[in-house]
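Participant: Residue numbers (my numbering), protein chains in the order written: chain D, 1 to 78; chain S, 79 to 449; chain V, 450 to 705. Every residue gets a Cβ at the ideal spot worked out from N, C-alpha and C, and that includes glycine. Could you have a look at this structure, given as structure tokens, before my questions?
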Amino acid sequence: MIRGTVVIERDICKGCELCIAACPQESLGLSSSININGYRFAELIQDNCTGCVNCALVCPDVAITVYRQPKSAIKKAV
Amino acid sequence: MEQTKEKTGTSKSNNQALLMKGNEALAEAAIRAGIDAYFGYPITPQSEILEYFTAEMPKRHGIVLQAESELAAINMIYGAAGAGGRVMTSSSSPGISLMQEGISYIASAQLPCLIVNVNRGGPGLGTIQPSQGDYFQATKGGGHGDYHLIVLAPASVQEMADFVFDAFRLAEKYRCPAMILADGALGQMMEKVVLPEEGSLPKTEKPWATVGKPATRERNIITSLFIDPEKMEGINKQLQGKYKLIEDEVRFEEIALDDAEIALVAFGLSARVCQKAVDISREKGFRVGLLRPITLYPFPKQAISNLADKVNFFLVVEMNAGQMVEDVELAVKGKRPVYFTGRMGGMIPTPEDVAAEIEKLVHSLSLSEVK
Amino acid sequence: MQEEVLTNGYELVYKKPSTLTSKPFHYCPGCGHSVVHRLLMEVVEEKGIQESTIGVAPVGCSVFAYDYMDIDMQEAAHGRASAVATGVKRIHPDKYVFSYQGDGDLAAIGTAETIHTVNRGENILVVFINNAIYGMTGGQMAPTTLLKQVTSTTPYGRTHEQMGYPLRITELLAQLPGAYYVSRHAVHTVNAVRKLKKAIEKSFDYQKLNRGTCFIEVVSNCPSGWKMTPLESNKWLEENMFPSYPLGDIKVPKDK
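Structure representation (structure tokens):
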């Protein structure tokens with residue numbers, strides 16, 4: 001499986017949960033703490049992100065940056 | 079006799095005089111002033127302006143577009159002026175009322191442009207005959223918020239042409255919309271005119287315009303929205319500061335005022351009527367002179383104040399119910415009586431009417447000694 | 450850099466486009482506006498046309514669109530964005546010009562400007578955000594508000610007897626010969642977002658052809674105005690908005 005990860009800018013996240021619904025891996029959830037604007041923010045809750053970008057595409061606040069394992073690394077693992 | 083000759087920006091290529099309608103002379107002057115675009119909507123008595131552009135611009139230079147409404151036209155002006163174009167629109171009173179929203183935005187966004195109002199009688203749909211009933215609207219802002227236009231009032235076909243250059247020069251110097259406030263008679267009548275030379279109005283740099291943002295500068299935003307009240311007040315102060323500077327651009331004409339004991343004050347077509355009334359009254363032995371404001375905004379307050387120390391009384395003549403008279407009263411500050419006579423609804427006072435009014439006032443005030 | 454540490458040698462596959470400013474969006478949680486802003490600026494970045502793109506912002510929730518898009522922009526009066534865009538485009542016919550407008554702006558107060566801009570076939574892109582409500586002023590009825598929909602000015606639901614019918618202005622505009630490309634989209638799912646981006650890309654390409662107006666409607670949500678969570682609003686959108694405003698191309702270029 002391709003491995004990826006996301007970096008969520010917590011202080012601009014408004015906790016709308018659209019990314020959580022868009023994630024096919026159920027990798028994302030809402031934090032239990034709040035950010036500077038008083039919102040619970042989205043965060044990785046499982047280490048199974050594939051870097052599919054879905055969350056970033058629907059994020060209204062462009063709060064998500066997505067990274068993915070390079071293809072070369074996958075070959076090496078195989 | 080004009081006091082501020084150096085403020086006129088036109089140069090004539092030759093002395094060849096043409097016989098032209100006011101509206102057409104204005105449109106031709108605008109092409110010669112190098113306008114990039116005209117957006118307008120037909121309305122009597124100024125439709126010749128739009129017609130002239132639609133006939134001439136395809137052969138020469140510039141964009142002409144007949145908009146779907148005055149609302150659209152003034153907002154096209156906003157867009158095109160914001161994009162750095164030298165642009166103008168024209169209309170007549172009801173159409174200018176429709177444009178007020180856009181004019182307010184243009185004033186706030188500090189965009190230079192020319193708006194021509196060939197004034198007709200009102201209120202409402204009114205009449206298509208000449209009027210000066212839009213003086214308040216032109217000089218006091220017209221739309222919402224604290225703003226002014228630079229307002230020039232031509233009194234001849236020659237000035238209909240010349241003031242296009244002056245208006246653009248002032249508008250671009252101060253980033254302030256300028257208005258030529260004419261009337262239906264000036265628009266329709268034919269007179270001799272020597273047109274300004276094509277290309278004699280230099281283009282001005284507009285580093286603030288929306289032309290596409292290169293990597294080398296911050297983006298340019300044209301807006302009138304400043305939601306933070308402190309910032310909005312800052313913009314207001316900036317505008318007011320600009321209007322203070324614009325006061326230096328005041329222009330007026332003095333006719334036979336050197337020995338005058340009675341001062342007529344009139345602009346535009348009324349001033350032409352008054353010029354003749356001065357002759358008639360002087361023949362009767364009354365020492366009458368005329369002060370003609372050329373810029374209605376800025377208003378020649380100081381000149382009128384100075385005059386109040388010399389003359390016995392003022393008579394303001396307008397083709398409305400008495401609008402500029404309020405500005406004259408403010409300038410006179412109660413030092414001398416200020417009277418008003420005028421016609422409304424598209425009627426034009428005659429020189430004889432004005433001369434008779436002067437005579438009546440002199441007698442009723444027992445001022446026969448001024449003879 | 451912090452991110453490099455976190456990502457442990459992974460490749461960057463998605464980041465915010467450089468053509469958006471650093472200012473965080475002021476929109477309510479889950480609002481579709483900023484997704485459309487982002488897609489426009491992604492296209493501008495990818496096509497390398499920041500220097501030749503001029504936008505016009507409307508009055509409504511997206512009145513501050515120019516705070517986020519790092520391009521030259523003008524803020525128009527309510528409803529007049531397409532007239533302003535016309536003025537800009539006529540001065541700069543070689544530049545990419547778009548207006549960005551909501552349903553109240555474009556389909557109520559600005560209907561005349563909208564229709565005539567498209568009828569002239571102005572070579573601009575008009576982006577129309579339809580969320581069936583006036584969001585900024587507090588959730589009043591819009592021309593596109595659905596029948597029976599409750600808003601702050603249709604507290605018992607919109608009835609056609611009192612307030613007329615939902616205005617399908619996009620279908621109306623598609624009939625005009627000046628309309629070159631007319632398409633309706635959404636941003637509620639990943640697929641919808643991808644399709645909208647394609648449509649925006651096409652619209653910018655078409656603008657170079659000078660063949661008429663490109664018009665993209667985005668059926669969007671208003672969680673605050675509809676008084677729903679963002680997820681509920683997207684579900685409501687699918688169930689209630691799409692039957693009246695079906696997605697897809699309405700007019701595509703025939704002369705290709």
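Using a Cβ-Cβ distance cut-off of 7 angstroms, determine whether T21 (chain S) contacts chain V.
Facilitator: The structure shown has nothing for residue 21 (chain S), since chain S only spans 79 to 449.
Participant: Three-state secondary structure (DSSP) at P70 (chain D)?
Facilitator: Coil.
Participant: Taking the C-alpha atoms as reference points, what is the distance between T82 (chain S) and S234 (chain S)?
Facilitator: Confidence at T82 (chain S) is low in this model, with a pLDDT of 45, below 50, so the placement of that residue should be treated as unreliable; the coordinate-derived value is given next. Roughly 17 angstroms between the two C-alpha positions.
Participant: If you measure from the beta carbon of G536 (chain V) to each beta carbon in chain S, is any gap under 7 angstroms?
Facilitator: True, the Cβ-Cβ gap to chain S drops below 7 angstroms.
Participant: What three-state label does DSSP hand A187 (chain S) in the structure shown?
Facilitator: Looking at A187 (chain S) - three-state DSSP - the assignment turns out to be helix.
Participant: I'd like the span of the alpha helix (DSSP H) that includes L128 (chain S), first residue to last.
Facilitator: S125 to E134 is the span of the alpha helix (DSSP H), which, as asked, contains L128 (chain S).
Participant: Just list the residues that DSSP pairs F513 (chain V) with in beta bridges.
Facilitator: BP columns for F513 (chain V) are empty, so no partner.
Participant: Which residues, in order along the region 661 to 690 of chain V, keep a beta-carbon less than 9 angstroms from a beta-carbon of chain D?
Facilitator: Correct list: P672, T678, P679, L680 and N683.
Participant: Can you tell me which residues form a DSSP beta bridge with L259 (chain S)?
Facilitator: DSSP lists S:N195 as partners of L259 (chain S).
Participant: Out of V:R539, V:E500, V:F691 and V:Y605, point me to the one whose CA is closest to H637 (chain V)'s CA.
Facilitator: For the residues V:R539, V:E500, V:F691 and V:Y605, the minimum Cα distance to H637 (chain V) belongs to V:F691.
Participant: Compute the beta-carbon to beta-carbon distance between V395 (chain S) and G420 (chain S), rounded to the nearest angstrom, for a pair I have assumed lies under 8 angstroms.
Facilitator: About 6 angstroms; that satisfies the 8 angstroms criterion.
Participant: Looking at the secondary structure, which residues open and close the beta strand (DSSP E) in which S471 (chain V) lies?
Facilitator: Note, S471 (chain V): premise wrong, no beta strand (DSSP E); not H, not E.
Participant: Using the beta-carbon count (16 or more within 10 Å), is E84 (chain S) buried or exposed?
Facilitator: Here the model assigns E84 (chain S) a pLDDT of 48, short of 50, so the residue's position is not dependable, and the following value carries that caveat. Classification for E84 (chain S): exposed.
Participant: At what residues does the alpha helix (DSSP H) containing S234 (chain S) begin and finish?
Facilitator: From DSSP, S234 (chain S) is part of no alpha helix (DSSP H); its letter is neither H nor E.
Participant: Would you mind telling me which residues of chain S sit closer than 7 angstroms to H482 (chain V), beta carbon to beta carbon, in chain order?
Facilitator: In chain order: nothing, as chain S lies at least about 16 angstroms away.
Participant: Among D:N37, D:N48 and D:A42, which has the Cα closest to the Cα of I31 (chain D)?
Facilitator: For the record, residue 31 (chain D) in the displayed sequence is Ser; it is not Ile. The candidate whose alpha carbon is nearest that of S31 (chain D) is D:A42.
Participant: Counting only beta-carbon separations shorter than 7 angstroms, does I12 (chain D) have a partner in chain V?
Facilitator: Yes, its Cβ sits closer than 7 angstroms to a Cβ of chain V.
Participant: Can you give the beta carbon distance from P285 (chain S) to E327 (chain S), rounded, assuming they're within the 8 angstroms contact cut?
Facilitator: No, P285 (chain S) and E327 (chain S) are not in contact; Cβ-Cβ is about 23 angstroms, not under 8 angstroms.
Participant: Check each residue of the region 141 to 156 of chain S: if its Cβ is closer than 9 angstroms to any Cβ of chain V, include it; give the result in chain order.
Facilitator: Listed by position, the residues of the region 141 to 156 of chain S near chain V (Cβ gap below 9 angstroms) are I141, L143, A145, E146, S147, L149, A150, A151, I152, N153, M154, I155 and Y156.
Participant: From the beta carbon of R487 (chain V), is the nearest beta carbon of chain D less than 7 angstroms away?
Facilitator: For R487 (chain V), the answer is yes, since a Cβ of chain D falls inside 7 angstroms of its Cβ.
Participant: Count the other CB atoms, across all protein chains shown, that sit within 10 Å of the CB of A95 (chain S); report buried if there are 16 or more and exposed otherwise.
Facilitator: It is exposed - the Cβ of A95 (chain S) has fewer than 16 other Cβ atoms within 10 Å.
Participant: Report, in whole angstroms, the separation of the C-beta atoms of I578 (chain V) and S652 (chain V), which I expect to be a contact under 8 angstroms.
Facilitator: Contact doesn't hold; Cβ gap of about 15 angstroms is too wide.
Participant: Below 7 angstroms CB to CB, which residues in the same chain sit around V454 (chain V) once its five sequence neighbours on both sides are set aside?
Facilitator: Because the pLDDT of V454 (chain V) is 42, which lies under 50, any placement of that residue in the model is unreliable, and the question is left without a value.
Participant: By DSSP, does F691 (chain V) sit in helix, in strand, or in coil?
Facilitator: Of the three classes helix, strand and coil, the one that applies to F691 (chain V) here is helix, per DSSP.
Participant: Alpha carbon to alpha carbon, how far is I333 (chain S) from L369 (chain S)?
Facilitator: Approximately 6 angstroms, taken between the alpha carbons.
Participant: Thinking C-alpha only, which one of S:S186, S:A409, S:G202 and S:Q188 is nearest D531 (chain S)?
Facilitator: For chain S, the structure presents residues 79 to 449; residue 531 (chain S) sits outside this window and is missing.
Participant: Identify which residue in S:K99, S:E146 and S:P292 has its Cα closest to the Cα of K237 (chain S).
Facilitator: First, the residue type needs correcting, since residue 237 (chain S) is Glu and not Lys in the sequence shown. That would be S:K99, whose Cα lies nearest to the Cα of E237 (chain S).
Participant: Per the DSSP calculation, Y545 (chain V) is bridged to which residue(s)?
Facilitator: Looking at the DSSP assignment, Y545 (chain V) forms a beta bridge with V:T502.
Participant: With which residues is Q523 (chain V) paired in a DSSP beta bridge?
Facilitator: S:I300 and V:V505, per the DSSP bridge assignment.
Participant: With DSSP as the reference, label V454 (chain V) as helix, strand or coil.
Facilitator: Reliability of the predicted coordinates at V454 (chain V) is poor, the pLDDT of 42 falling under 50, and the value obtained from them is presented with this limitation in mind. In the structure shown, V454 (chain V) sits in a helix (DSSP, three-state: H, G or I).
Participant: Counting only Cβ pairs nearer than 7 angstroms, list the residues of chain S close to K441 (chain V).
Facilitator: No statement about residue 441 (chain V) is possible, as the shown extent of chain V runs from 450 to 705 and does not include it.
Participant: Give a yes or no on whether the minimum CB-CB distance between P507 (chain V) and chain D is below 7 angstroms.
Facilitator: Taking Cβ atoms only, chain D never reaches closer than 7 angstroms to P507 (chain V), which makes this a no.
Participant: Could you tell me the distance, in whole angstroms, from the CA atom of V575 (chain V) to the CA atom of V403 (chain S)?
Facilitator: Looking at the two C-alpha atoms, the distance is approximately 48 angstroms.
Participant: Counting only C-beta atoms, is G38 (chain D) closer than 7 angstroms to chain V at any point?
Facilitator: So no, G38 (chain D) is outside the interface.
Participant: Can you have a look at K14 (chain D) and say buried or exposed, based on whether 16 or more other CB atoms are within 10 angstroms of its CB?
Facilitator: Buried, by the Cβ-count rule.
Participant: Nearest chain V C-beta to E250 (chain S) closer than 7 angstroms, yes or no?
Facilitator: By this cut-off, E250 (chain S) is not an interface position.
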